[in-house]
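First to last, the protein sequences are chains A and B. Each residue of the first sequence is one higher than the last, beginning at 353 in the working numbering. Each residue of the second sequence is one higher than the last, beginning at 353 in the working numbering. Glycine residues also receive a C-beta, built at the ideal position from the N, C-alpha and C atoms. Computed from a prediction, not measured in an experiment: that's the story for all the values here.
2 protein chains.
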Amino acid sequence: MAPQPGYDRPIGIFDSGLGGLTVLRALHRRLPCEDLVYFGDTARVPYGTKGARTVVDFARQDAGLLISLGVKLVIVACNTASAFALDNLRESLPVPVLGVIEPGVETALRATRGGPVGVIGTPGTIGSGRYQEGLVHGVADLPGIATERIVTGECPLLVPLVEAGWEDHPATDLVLDTYLEPLRAAGVDTLILGCTHYPLLKSQIAAHMGPQAALVDSAEALAGAAERLLAELGLRRRDGLDEGGLPDGRLEYHLSDIPWKFAEIGARFLGRPITDVRTVSLEEMEAAGHLPPKG
Amino acid sequence: MAPQPGYDRPIGIFDSGLGGLTVLRALHRRLPCEDLVYFGDTARVPYGTKGARTVVDFARQDAGLLISLGVKLVIVACNTASAFALDNLRESLPVPVLGVIEPGVETALRATRGGPVGVIGTPGTIGSGRYQEGLVHGVADLPGIATERIVTGECPLLVPLVEAGWEDHPATDLVLDTYLEPLRAAGVDTLILGCTHYPLLKSQIAAHMGPQAALVDSAEALAGAAERLLAELGLRRRDGLDEGGLPDGRLEYHLSDIPWKFAEIGARFLGRPITDVRTVSLEEMEAAGHLPPKG
Chain A
353 MAPQPGYDRP IGIFDSGLGG LTVLRALHRR LPCEDLVYFG DTARVPYGTK
403 GARTVVDFAR QDAGLLISLG VKLVIVACNT ASAFALDNLR ESLPVPVLGV
453 IEPGVETALR ATRGGPVGVI GTPGTIGSGR YQEGLVHGVA DLPGIATERI
503 VTGECPLLVP LVEAGWEDHP ATDLVLDTYL EPLRAAGVDT LILGCTHYPL
553 LKSQIAAHMG PQAALVDSAE ALAGAAERLL AELGLRRRDG LDEGGLPDGR
603 LEYHLSDIPW KFAEIGARFL GRPITDVRTV SLEEMEAAGH LPPKG
Chain B
353 MAPQPGYDRP IGIFDSGLGG LTVLRALHRR LPCEDLVYFG DTARVPYGTK
403 GARTVVDFAR QDAGLLISLG VKLVIVACNT ASAFALDNLR ESLPVPVLGV
453 IEPGVETALR ATRGGPVGVI GTPGTIGSGR YQEGLVHGVA DLPGIATERI
503 VTGECPLLVP LVEAGWEDHP ATDLVLDTYL EPLRAAGVDT LILGCTHYPL
553 LKSQIAAHMG PQAALVDSAE ALAGAAERLL AELGLRRRDG LDEGGLPDGR
603 LEYHLSDIPW KFAEIGARFL GRPITDVRTV SLEEMEAAGH LPPKG
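Below, the structure written as structure tokens:
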């Protein structure tokens, strides 16, 4: 499609904390000339053990903040927020909204070879049933699978273990053993990593699951979906410019708190040092919750 | 002191989440006829890995909510909030404020037999240096100890392990081994459990530390301090009534979120089922942050 007004505005990405930087990283690799604005709700992280109403309230503030920064697309990098708040945000926001669940489901349905499909995530994400619904209903041209073919696992301790930098600690090995044994025993051939923190445990999870299980990283799947959506809507940055000479996009970070080990954890998710961080005050978050009318 | 106006109002207790229920439990045992109003900021828990400014902002809203419920005393059950926000709250609130750090320090100084004193807590609590300052300065009639006699340990994973109910999982044993080995090796004779979640791991921590280390549970110490303070101020409930026939006080719970496994986790901290819970909306929290002037 021909370039539409607003094509040169940034893409907004929000997450409950720093985990969504794995999504920003995949997006920047796939769409290097797009400006990316990240918001991490580090003051209120985690979302994964909290109730639906709370997560919806927080997600509306997070998205509202990105809208106030003039983004052309909102990406919900947090699996729990995608599970609970995507419909609400799609109805409220004046720009398109993409979550991580649909792209993850699509990739898993393409990858499975007829065996059980596993999903691991926070209690919120698994409890919402959104991955399960997506796998049963299918997406686009892909038919769904039977409920009996789906095996899920709630893994609340993986987020704090990754944030502590304990990916290779023997305790993490024991935790993964407890969480993954039922999925391994069920013989899953495809495992969705349903949380932005889990890609940092990919090799450890792969070791527990064995070579027969393909791991689906939602960040990669989401980056592909974002590219297709922007192209469809005529909102890709390069659509409006000569592709050859386009410089790398600007990366901008907004956080509601500067937490413990922030620089170290941020760099681990992002793959490079995190710089130019702005903190967002509680008052600014409150004001951002009053979303503008859809238009 | 003779009963002062307001002696029959409730005591307010707040915490970042459900851990402070161990403090409520100790208070109810010590002061059974007092009405107790608990607020747990379950929507934004944990505080222990977050920055000082964020914790102060949250603590002011939490305390403001208790003030709006008419309490006569505010107890900061959260160690991280006590570390970062106690001075600010004492300056802002129209009622007396007690934190968990001073009582814990006092108990530890009475318990130590000349050996090193250990403190374990969240990164926020340990990083604030408040326990260390208290131990060095001493309290009341107790002289402080040399900085060289203090050994600290940041234990960010213990909160999520307790919330997952994994106190007896082998992974917790490995985590405790990593956290406690330096304190055990230093030969600490007194260990302050500087987080409201840790009393639930008391027997496991005791097993790792060995019999030479006395464990200081701040909840017990705080309950004693609260009783003394209320007596000094003429604000004990029984001061105004015939002691004999006084019925047990009312227990009231307000939470900003109904989180994962809330009933199960709450009962574990409280020692009985948690009932009559009211949820507090985000808007109500925002309004509570505007503390009334001191008077």
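* Rounded C-alpha distance that separates residue 397 of chain B from residue 608 of chain B -> Each residue's Cα considered, the two are about 10 Å apart.
* Asked: For residue 554 of chain B, does the count of other Cβ atoms within 10 angstroms reach 16, so buried, or fall short, so exposed?
  -> Note on residue 554 of chain B: under 16 other CB atoms within 10 angstroms of its CB, so exposed under the neighbour-count rule.
* Asked: Do the CB positions of residue 427 of chain B and residue 490 of chain B come within less than 8 Å of each other?
  -> Between residue 427 of chain B and residue 490 of chain B, the C-beta gap is not smaller than 8 Å, which leaves the two residues out of contact.
* To do: Please say whether residue 540 of chain B and residue 565 of chain B have beta carbons closer to each other than 8 Å?
  => For the pair residue 565 of chain B and residue 540 of chain B, the CB atoms are nearer than the 8 Å cut-off.
* To do: Since I believe residue 418 of chain B is in contact with residue 389 of chain B (beta carbons under 8 Å), could you give me their beta-carbon distance rounded to a whole number of angstroms?
  => That belief holds up - the Cβ atoms of residue 389 of chain B and residue 418 of chain B are roughly 6 Å apart, short of 8 Å.
* What is the DSSP secondary structure of residue 456 of chain A, reduced to helix, strand or coil? -> When DSSP states are grouped into helix, strand and coil, residue 456 of chain A belongs to the helix group.
* **Continuous alpha helix (DSSP H) assignments of at least 4 residues falling wholly in the region 429-484 of chain B** => For the region 429-484 of chain B, whole alpha helix (DSSP H) runs of length 4 or above, ordered along the chain, are 431-444, 453-463 and 475-480.
* Asked: So residue 531 of chain A is in the alpha helix (DSSP H); what residue range does that whole segment cover?
  -> Counting along the chain, the unbroken alpha helix (DSSP H) around residue 531 of chain A starts and ends at 522-537.
* To do: Select from A:380, A:454 and A:630 the residue whose C-alpha is nearest the C-alpha of residue 600 of chain A.
  => Its Cα nearest to that of residue 600 of chain A, the residue A:380 stands out among A:380, A:454 and A:630.
* To do: Enumerate in chain order the residues of its own chain whose CB-to-CB distance from residue 674 of chain B is below 7 Å, with the five nearest sequence positions on each side excluded.
  => No answer is possible for residue 674 of chain B: it lies beyond the span of chain B, which begins at 353 and ends at 647.
* To do: Compute the distance between the beta-carbons of residue 518 of chain B and residue 475 of chain A, then report whether it is under 8 Å.
  => Taking 8 Å as the Cβ cut-off, residue 518 of chain B and residue 475 of chain A do not qualify as a contacting pair.
* **Residues near residue 513 of chain B by beta carbon distance below 6 Å, same chain, minus five either side** => If we look at residue 513 of chain B and ignore the five residues flanking it on each side, its Cβ neighbours are 524.
* Asked: So, is the C-beta of residue 619 of chain B closer than 8 Å to a C-beta in chain A?
  -> Not an interface residue.
* Asked: Helix or strand or just coil, what does DSSP make of residue 603 of chain A?
  -> Correct three-state label for residue 603 of chain A: strand.
* Report back the beta-carbon spacing between residue 487 of chain B and residue 502 of chain B to the nearest angstrom; my notes put them in contact at under 8 Å. => Contact holds; Cβ gap of about 5 Å.
* Asked: Pairing CB atoms from the region 369-378 of chain A with CB atoms from the region 621-634 of chain A, are three or more of them under 8 Å?
  -> Between the region 369-378 of chain A and the region 621-634 of chain A, the count of C-beta pairs closer than 8 Å reaches three or more; the two stretches touch.
* Asked: Rounded to whole angstroms, how far is the Cβ of residue 532 of chain B from the Cβ of residue 560 of chain B, which I believe are closer than 8 Å?
  -> In this structure residue 532 of chain B touches residue 560 of chain B by the C-beta definition: roughly 4 Å separates them, less than 8 Å.
* Asked: Candidates A:358, A:404, A:630 and A:412: which alpha carbon is nearest residue 638 of chain A's?
  -> Minimum Cα distance to residue 638 of chain A is reached at A:412.
* Asked: Is there a Cβ from chain B that is less than 8 Å from the Cβ of residue 396 of chain A?
  -> It does: the Cβ of residue 396 of chain A has a partner Cβ on chain B nearer than 8 Å.
* Could you please tell me which residues of the region 621-638 of chain B, in chain order, have their CB closer than 7 Å to any CB of chain A? => Listed by position, the residues of the region 621-638 of chain B near chain A (Cβ gap below 7 Å) are 634 and 638.
* To do: Using alpha carbons as the reference points, say which of B:547, B:587, B:640 and B:628 lies closest to residue 368 of chain B.
  => Among B:547, B:587, B:640 and B:628, the Cα nearest to that of residue 368 of chain B belongs to B:547.
* Under 8 Å Cβ-Cβ, which residues of chain B neighbour residue 534 of chain A? -> Here the premise fails: no neighbours, minimum Cβ distance about 16 Å.
* Would a check of beta-carbon distances place residue 320 of chain B closer than 8 Å to chain A? -> Residue coverage of chain B in this structure runs from 353 to 647, which leaves residue 320 of chain B outside it and unanswerable.
* Asked: Applying the criterion that 16 or more other CB atoms from any shown protein chain within 10 Å of the CB defines a buried residue, is residue 462 of chain A buried or exposed?
  -> With fewer than 16 other Cβ atoms from the protein chains shown falling within 10 Å of its own Cβ, residue 462 of chain A counts as exposed.
* Asked: residue 356 of chain B: which of B:432, B:528, B:570 and B:588 sits nearest, CA to CA?
  -> Of the candidates B:432, B:528, B:570 and B:588, the one whose C-alpha sits nearest the C-alpha of residue 356 of chain B is B:588.
* Asked: Taking the continuous alpha helix (DSSP H) assigned at residue 406 of chain B, which residues delimit it?
  -> Element bounds for residue 406 of chain B: 404-420.
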